[in-house]
Structures are given as C-alpha cells and as structure tokens.
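These protein sequence lines are chains W and F, in that order.
Be aware that the first sequence starts at 1, since it is given in my numbering, and climbs by one per residue.
Be aware that the second sequence starts at 1, since it is given in my numbering, and climbs by one per residue.
Number of protein chains: 2
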Amino acid sequence: MPRKAAARVKDVPAEAISRHLGARVKQLRSDRNWSLEALAGASGVSRSMLSEIEREQANPTLAVTLRIAQAFGMSLSELIETPGVTSSITVIRHHDRAFHYRSDDHCRIRTLSPLNLEKDVEFYEVELQPGGALRSAPHFEGTREFLTVVKGLVKVESNEDTDTLHHGDSTTYRADVPHAILNAGKGEALVFLVVIYR
Amino acid sequence: MPRKAAARVKDVPAEAISRHLGARVKQLRSDRNWSLEALAGASGVSRSMLSEIEREQANPTLAVTLRIAQAFGMSLSELIETPGVTSSITVIRHHDRAFHYRSDDHCRIRTLSPLNLEKDVEFYEVELQPGGALRSAPHFEGTREFLTVVKGLVKVESNEDTDTLHHGDSTTYRADVPHAILNAGKGEALVFLVVIYR
DNA sequence: GAATTTAGTCTTGCATACCGGAAAAAGCCA
DNA sequence: TGGCTTTTTCCGGTATGCAAGACTAAATTC
Numbered sequence: 001m002p003r004k005a006a007a008r009v010k011d012v013p014a015e016a017i018s019r020h021l022g023a024r025v026k027q028l029r030s031d032r033n034w035s036l037e038a039l040a041g042a043s044g045v046s047r048s049m050l051s052e053i054e055r056e057q058a059n060p061t062l063a064v065t066l067r068i069a070q071a072f073g074m075s076l077s078e079l080i081e082t083p084g085v086t087s088s089i090t091v092i093r094h095h096d097r098a099f100h101y102r103s104d105d106h107c108r109i110r111t112l113s114p115l116n117l118e119k120d121v122e123f124y125e126v127e128l129q130p131g132g133a134l135r136s137a138p139h140f141e142g143t144r145e146f147l148t149v150v151k152g153l154v155k156v157e158s159n160e161d162t163d164t165l166h167h168g169d170s171t172t173y174r175a176d177v178p179h180a181i182l183n184a185g186k187g188e189a190l191v192f193l194v195v196i197y198r
Numbered sequence: 001m002p003r004k005a006a007a008r009v010k011d012v013p014a015e016a017i018s019r020h021l022g023a024r025v026k027q028l029r030s031d032r033n034w035s036l037e038a039l040a041g042a043s044g045v046s047r048s049m050l051s052e053i054e055r056e057q058a059n060p061t062l063a064v065t066l067r068i069a070q071a072f073g074m075s076l077s078e079l080i081e082t083p084g085v086t087s088s089i090t091v092i093r094h095h096d097r098a099f100h101y102r103s104d105d106h107c108r109i110r111t112l113s114p115l116n117l118e119k120d121v122e123f124y125e126v127e128l129q130p131g132g133a134l135r136s137a138p139h140f141e142g143t144r145e146f147l148t149v150v151k152g153l154v155k156v157e158s159n160e161d162t163d164t165l166h167h168g169d170s171t172t173y174r175a176d177v178p179h180a181i182l183n184a185g186k187g188e189a190l191v192f193l194v195v196i197y198r
C-alpha cells in the first residue's frame, strides 16, 4: 500500500471550496462585459489566474480573492456568499468538536447557536463537575442571562445576590456585573444558558 | 542584486489582506482554550500553517481559510468580518404552575424566561410524549428557533426541510414558515427551545 | 532536578498559486 | 474563405502555500 500522499487542501473537491466561486466571478464579469484582460487590470490579478479560477482549476489565496471582490466593488463576503440562499435547517451534532467552545477538567461549554450569526443572543450547554465553576467578568451593559438546570445542584451568583437551583429550576439575572455559575452538588451538573446582549 | 521579482500578491502589506485575520484566529482559538494542535485537528490545517497565519506571515488560500472558519463553526464571512435593577436574580421553580405555558396529554411547555419582559427572545422547555407534536404557524418574518435535544428522538420540520435529532444534537431553523417539532421515538422527549423574533 | 508532557516555532520538501508571454480560439468584416 | 483583432487557454519559471517532523521552551510529574 503506497503511503498516503500528504493531504493537501487542493485535493478537496473543488466545489466544496466555495460553491461556484468560478461561476460567480464569470457571471459578474460577463454581466459587466469585461474581458479577462479588463478584470485583470481592475484587480491586479493576472488573466491566466483569473481564467483558472473561473474554470475552478485554482485555489486562490485570500489576497487574490479579495482583489477580485474589490474590482467588482464588493466585499469578500458579498463575492463569496451565494446570494439569497438560506437553508432552513442547520444541525449541530452532539459530537461535533467545532462547537465545543471550551473544555477543561471542571467545565465544558458547547455552543448551540452558530456564534456571531445571531449577534445578540447566544445559546450554550454547560457541564460542570463537582466543585467546578464558570465565572465571568461583566458583559456589556444590559446583558442578561437565562439559565435552566437539567441535572445537579447549582448556585448562581450575580453581584451580591446568590441563589441555589435544583433540577428543573430556572433563573434570570444580570450579566453586566461579575457573575458565576457553580456546581454546589456532589454529582455532575448540566445547565442550559441563554445570553442576551442589549 | 537579483532583478526585481515579479510582483506577487504576497508582497502586498499583510494587514491589507484581511484586517487582523491572524489576530482574529488567535482570539477565537484562545477564547476556546484550544491549542494549535486542537485547532489543527478540528480544521485539518497543519499547526505550522496555523501558526504562520496567526503571526500574519502567510497568505492562506480560500480553502484553508474556509476550513478554519468551519472549525470555529462559522462561515467565512463571519470569520473575516471584524466582530465586535433591583434584585439581580429571578428564579422560576420547577413546580411553579404559573409558568406552565401549555399542558395537554402529548405536550407540555414551560416558559423559562419571564414572558413579555424580554420582548424579542423567549426560552422554553418542551416535553413531548411519544407521537406528540408541537406544530406552529409561521411567526414574524425573520424569526428563528434554536433547539437542543436533551432526551429522546426528535424530528424537526421547517418548510420542506426535515431533520432528525438524537440526544445532544442541536439545530436552528427558520420559524417564519410553518414548522413543527415531533417526538419520533418510543419514549418521552425533552427539548429546550429559544425563539428569537427579529 | 531529571524525565515527561505540552505548547509553540523553525526547517525541509513538494505541489501549486501566480505571473508573463506564446499559442490557440473565436469573432468580425471584406 | 483569408486576414485582422480580441479573447481565452496553454506553457515555462519562480516564489510560496502547505504538511510533517525536528527543534525549543515552558509547564508537570516523578
């Protein structure tokens, strides 16, 4: 068995890189009746490279892609994003490491909402080992947290206030002050947390 | 003196490529307490490349940048774009009937956020018996729901899309179209639901 | 404090992004 | 059809993106 060649990114199916970037560039260019030469002039990217990109035979660098976007008078995002396609459902699987926001011995946090997609709300799952705690510095003014306990015994602190929650209890508190979530029980604790920025 | 090399894109000032992409990656990574090794594992991009990118010494290809974005659970655009009271605590006890939003044989809904206090976000716990379903007419334009399955086997429908979720899986979907949450398993199902109105 | 582990940077080597110019296609008008 | 122009693809060379492993420094464990 020949040993596996070094996995290079180029080997990734071209379509996966950025769906139809080539087609998109070609479209924008012909919309404007530009030749490769014209686009090359406007972008500073060589005709040959542009040709390859349009035929999906290249894996352009960020810099080159950015220049092309600028030549069309748009941002990278605008160039890359397929306009108007918002798939209805997005799923985050339990074991998807990409969403393990943070993990250490005492505390594991999973992101349940695509971060930064929803700007002012975040949804987390937090697992705390006995004695474990999640302490946070104040967030922006007006930020509140909503929390519900699925398993274990949890103590919540916000400012000087403190409260203890059992399985099934929920709470909301100010998060624009120092606050903390602590596992006050003997077993593992599991809570869901919604953070709302104002 | 060697003759002037052909002007390559790499020669462009690094900052211009994508403002502080390196810093951004580094930030996201340390936010999550990930080592380069961990990020390499999650993204499929080598440590060394990641190191170079963070130090702004590389001009990554689109493919690599995309993989990094995916490892962080965000889109390319999201990665590239620059981001940026009296008693503190209110508790809702598990058995407090006042917050049983709705109860019937098949479906029990508890409100975990004081309703109409936070106007554009609501937080629910939904319990579905086998065969039970929660069907909703479209909410306001732009409304999305975030859902995570704590127990059971759940099917989600939004528009024509459908997906099945096991324990620990999460999803987000459009709620401004007809949508439904169904218990597709043999036992009781428990999910947490966040609704965001736009 | 030596040995082990864990973090990051540096080095090596290959595949390829990228450029400039040549060859090939495609129009376009007699 | 034959030339003339314009547009696109092909080709050769250079610089560099990228992966893998070596190396170094810091933190842990014994």
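We put the beta carbon where it would ideally sit given N, CA and C, even for glycine.
Subject >> Through-space distance from Val25 (chain F) to Arg24 (chain W), alpha-carbon basis >> reply: CA-CA distance, Arg24 (chain W) to Val25 (chain F), rounds to 27 Å.
**OP:** Taking all protein chains shown into account, decide if Asn183 (chain W) is buried (16 or more other Cβ within 10 angstroms of its Cβ) or exposed.
**Re:** It counts as buried.
Original post:
If you draw a straight line from the C-alpha of Leu193 (chain F) to the C-alpha of Arg110 (chain F), how long is it?
Top reply: When the Cα atoms are used, Leu193 (chain F) and Arg110 (chain F) turn out to be separated by approximately 10 Å.
**OP:** Assuming Arg108 (chain F) and Glu127 (chain F) form a contact by the criterion Cβ under 8 Å, report the distance between their Cβ atoms to the nearest whole angstrom.
**Re:** Taking 8 Å as the upper bound for CB-CB distance, Arg108 (chain F) and Glu127 (chain F) are in contact here, some 4 Å apart.
Subject >> Straight-line gap, His179 (chain W) to Leu190 (chain W) (C-alpha atoms, nearest Å) >> reply: Cα atoms of His179 (chain W) and Leu190 (chain W): separation of roughly 18 Å, rounded to the nearest angstrom.
**OP:** Name, please, each residue of chain F whose Cβ falls closer than 9 Å to the Cβ of Val121 (chain W).
**Re:** For Val121 (chain W), the C-beta contacts it makes with chain F under 9 Å involve Asp120, Val121, Phe146, Val194 and Ile196, in order along the chain.
Original post:
If you count every other CB in all the chains shown that lies within 10 Å of the CB of Phe140 (chain F), and 16 or more means buried, which is it?
Top reply: Phe140 (chain F) comes out exposed.
Original post:
In terms of residues, what are the limits of the alpha helix (DSSP H) holding Arg47 (chain F)?
Top reply: Per DSSP, the unbroken alpha helix (DSSP H) holding Arg47 (chain F) starts and ends at Arg47 to Glu54.
Original post:
Shortest alpha-carbon distance to Pro138 (chain F) belongs to which of F:Lys155, F:Val177 and F:Glu160?
Top reply: When only C-alpha atoms are compared, the closest one is F:Val177.
Original post:
Is Asp104 (chain W) buried or exposed, if buried means 16 or more other CB atoms sit within 10 Å of its CB?
Top reply: Here Asp104 (chain W) is exposed. Its C-beta has fewer than 16 other C-beta atoms within 10 Å.
Subject >> Contacting residues, own chain, Cβ-Cβ under 7 Å from Leu112 (chain F) (five flanking each side not counted) >> reply: A distance below 7 Å between beta-carbons, with the five flanking residues on each side excluded, links Leu112 (chain F) to the following residues of its chain, in chain order: Ile92, Phe123, Tyr124 and Glu125.
Original post:
chain F partners of Asn59 (chain W), CB-CB under 7 Å?
Top reply: Thr61, Leu62 and Ala63, listed in chain order.
Original post:
Do three or more CB pairs link the region 55-71 of chain F to the region 30-37 of chain W at distances below 8 Å?
Top reply: The region 55-71 of chain F, when compared against the region 30-37 of chain W, does not touch it at the 8 Å Cβ threshold.
**OP:** Output yes or no for whether 8 Å exceeds the beta carbon distance between Val150 (chain W) and His167 (chain W).
**Re:** Yes, the Cβ-Cβ distance between Val150 (chain W) and His167 (chain W) is below 8 Å.
Original post:
Who are the neighbours of Ser113 (chain F) on chain W, taking C-beta pairs under 7 Å?
Top reply: The contacting residues are Phe146 and Thr172.
Original post:
Which residues bound the beta strand (DSSP E) around Asp155 (chain F)?
Top reply: For the record, residue 155 (chain F) in the displayed sequence is Lys; it is not Asp. Val154 to Ser158 is the span of the beta strand (DSSP E), which, as asked, contains Lys155 (chain F).
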